[in-house]
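This report refers to the structure that appears directly beneath it.
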Amino acid sequence: MRLIKNFSIGLLCLLAIFSGAASAQSNYPSKSINFIVPYGAGGSADSRSRQIAQKMSVILKQPIVVDNKPGAGGNIGTEAIVRAAPDGYTIGMGNFAPMAVNKTLFGNLRYDPETDLTPIILIEKGPLVLVVNPNSPYKSVQDIVAAAKAKPGVLTFSSGGIGGSHQLSAELFEQNAGIQMIHVPYKSGSAALTDLMGGNVDLMFDQMYSAVPSIKADKIRPLAITSKKRSPLLPNVPSFSELGYPKVEVLNWQGLIAPKGTPKAIIDKLNVAANEALKDPQLRELMLSQGNEIGGGSPAEFASLIKAESAKWSAVVKTANIKPE
0 MRLIKNFSIG
10 LLCLLAIFSG
20 AASAQSNYPS
30 KSINFIVPYG
40 AGGSADSRSR
50 QIAQKMSVIL
60 KQPIVVDNKP
70 GAGGNIGTEA
80 IVRAAPDGYT
90 IGMGNFAPMA
100 VNKTLFGNLR
110 YDPETDLTPI
120 ILIEKGPLVL
130 VVNPNSPYKS
140 VQDIVAAAKA
150 KPGVLTFSSG
160 GIGGSHQLSA
170 ELFEQNAGIQ
180 MIHVPYKSGS
190 AALTDLMGGN
200 VDLMFDQMYS
210 AVPSIKADKI
220 RPLAITSKKR
230 SPLLPNVPSF
240 SELGYPKVEV
250 LNWQGLIAPK
260 GTPKAIIDKL
270 NVAANEALKD
280 PQLRELMLSQ
290 GNEIGGGSPA
300 EFASLIKAES
310 AKWSAVVKTA
320 NIKPE
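Using numbering that gives the first Met the number 0, read the sequence shown as starting at 0 and increasing by one per residue.
Dropping the structure here:
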């Protein structure tokens, strides 16, 4: 009888625990949510995070507080998301470098983006554009390829740092065009673009939101875009695919992530809220005006993108033998 009584008490305790967990998930969120951004305040990732957080906070009826944790190419902030409690009250922005590149680039990375994090939703993805100085003798991608093949290792390209989308776009182009160029890294993308404008480097793959204003001001000349199709912002600029380089496709993306083990019900609720936020006309207009494709979709779709991108950029990093600073 005592054994049956103890079993019954244990079963009731388990049922209470499961009932409490289910209740907590159904009432989620019941307090503010911490939103970790693995980059500094004022940058593009920070701005988009604050915009999406504001829209989602209205939908979820709870504050979403942005917490900037920059450093190590996004690794510090991303690891903070990994180490957080998987209760839905810490989420973050996961993007191109820390989610798909840094696992290969950094030999001592203390997290695995594919196994230690749970994707929530893709927020956006945007192409880069190959640009040169307005006075450059290179008027086309064909001119770049011809010059690089005539004098291997002479042409220079700038970037905002080792292992970022600026450099990786150029490395992917080199590998597909069969050419060799010299990488000139700077401390920021703006510094790299400024030196291009000054004629100190030959070319750069720049983000659309950064490049378009300078293109319209005739401070740089665009040669090709890294999306499959042309951009409405630059309708006269061909894609690399059009020019015979279909594998030179680069979309710098970012989306929402949570610690591994976050309950599916909570992930689904966050996904629904984010999808709703992405329907906001003001936010959509802003994203499109910066040359980005609006995200959305399911957690599984975002997970598939991360897996495919990880495989792609791992191969590029290894082939180019890129090492962190």
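Backbone N, C-alpha and C fix where the C-beta goes; we use that ideal spot for every residue, glycine too.
Per DSSP, residue i is paired with what?
i      : result
Arg109 : Its beta-bridge partners do not exist; DSSP assigns none.
Trp252 : Lys124
Leu202 : Phe156
Glu292 : Lys124
His182 : Phe156
Arg220 : Val131
Met196 : In DSSP, Met196 forms no bridge with anything.
Is it buried or exposed, residue i, if we count other Cβ atoms within 10 angstroms and call 16 or more buried?
i      : result
Glu324 : exposed
Gly41  : exposed
Ile305 : buried
Arg47  : buried
Pro325 : Since the first and last residues shown for the chain are 0 and 324, residue 325 lies out of range.
Thr201 : Reading off the sequence shown, one finds Asp at residue 201, where the question assumed Thr. Its Cβ being crowded by 16 or more others within 10 Å, Asp201 is buried.
Asp205 : buried
Lys30  : exposed
Asn26  : exposed
Ser139 : exposed
Thr114 : exposed
Asn199 : exposed
Trp281 : Correcting the residue identity first, residue 281 is Gln in this sequence and not Trp. Exposed, because fewer than 16 other Cβ atoms sit within 10 Å of the Cβ of Gln281.
Ser288 : exposed
Gly70  : exposed
Lys246 : exposed
Val131 : buried
Ala276 : buried
Lys317 : exposed
May I have the straight-line CA-CA distance separating residue i from residue j, to the nearest angstrom?
i      : j      : result
Pro28  : Ala257 : 14 Å
Ile63  : Ala147 : 49 Å
Gln141 : Leu242 : 8 Å
Val211 : Ile293 : 18 Å
Ala52  : Tyr137 : 43 Å
Ile321 : Ala145 : 25 Å
Tyr38  : Asn270 : 22 Å
Pro135 : Lys54  : Reading the sequence as shown, one finds Ser at residue 135 and not Pro. Going by the C-alpha atoms only, they are around 44 Å apart.
Gly106 : Asn94  : 19 Å
Lys278 : Ala319 : 40 Å
Glu300 : Ala149 : 43 Å
Ile214 : Pro85  : 44 Å
Ala44  : Tyr88  : 20 Å
Glu123 : Ser164 : 15 Å
Ser230 : Ser209 : 14 Å
Ala223 : Asn251 : 16 Å
Pro97  : Ala272 : 24 Å
Arg283 : Arg82  : 32 Å
Lys60  : Val249 : 36 Å
Ala169 : Ala99  : 17 Å
Ala190 : Asp267 : 40 Å
Ala307 : Ser56  : 31 Å
Leu285 : Arg49  : 13 Å
Leu14  : Leu116 : With a pLDDT of 45 at Leu14, under the threshold of 50, the modelled position of that residue is not reliable, and the figure given next carries that caveat. Approximately 28 Å, taken between the alpha carbons.
Glu173 : Leu104 : 18 Å
If residue i and residue j are in contact, beta carbons under 8 Å, what's the gap, nearest whole angstrom?
i      : j      : result
Pro112 : Lys102 : 6 Å
Ile32  : Ile90  : 6 Å
Gly295 : Asn274 : 5 Å
Ile80  : Ile143 : That pair is no contact at about 39 Å.
Leu167 : Val315 : 6 Å
Gly254 : Pro126 : Between Pro126 and Gly254 the Cβ distance is about 17 Å, and since that is not below 8 Å, they are no contact.
Gly162 : Gly188 : The Cβ separation is near 13 Å, so there is no contact.
Val133 : Lys218 : Note on identity: in this sequence residue 133 is Pro, with Val being the wrong assignment. Contact flag correct, Cβ pair sits at about 7 Å.
Asn175 : Tyr244 : 5 Å
Nearer than 7 Å: is that true of the beta carbon of residue i relative to any heavy atom of the ligand SAH?
i     : result
Pro69 : In terms of ligand content, the structure shown is empty, and the ligand SAH therefore cannot be addressed.
Inter-stretch contact (C-beta, 8 Å, three-pair minimum) for the stretch 182-201 and the stretch 229-246: no
When you compare the stretch 173-184 with the stretch 148-159, are there three or more beta-carbon pairs, one atom per stretch, that lie closer than 8 Å? yes
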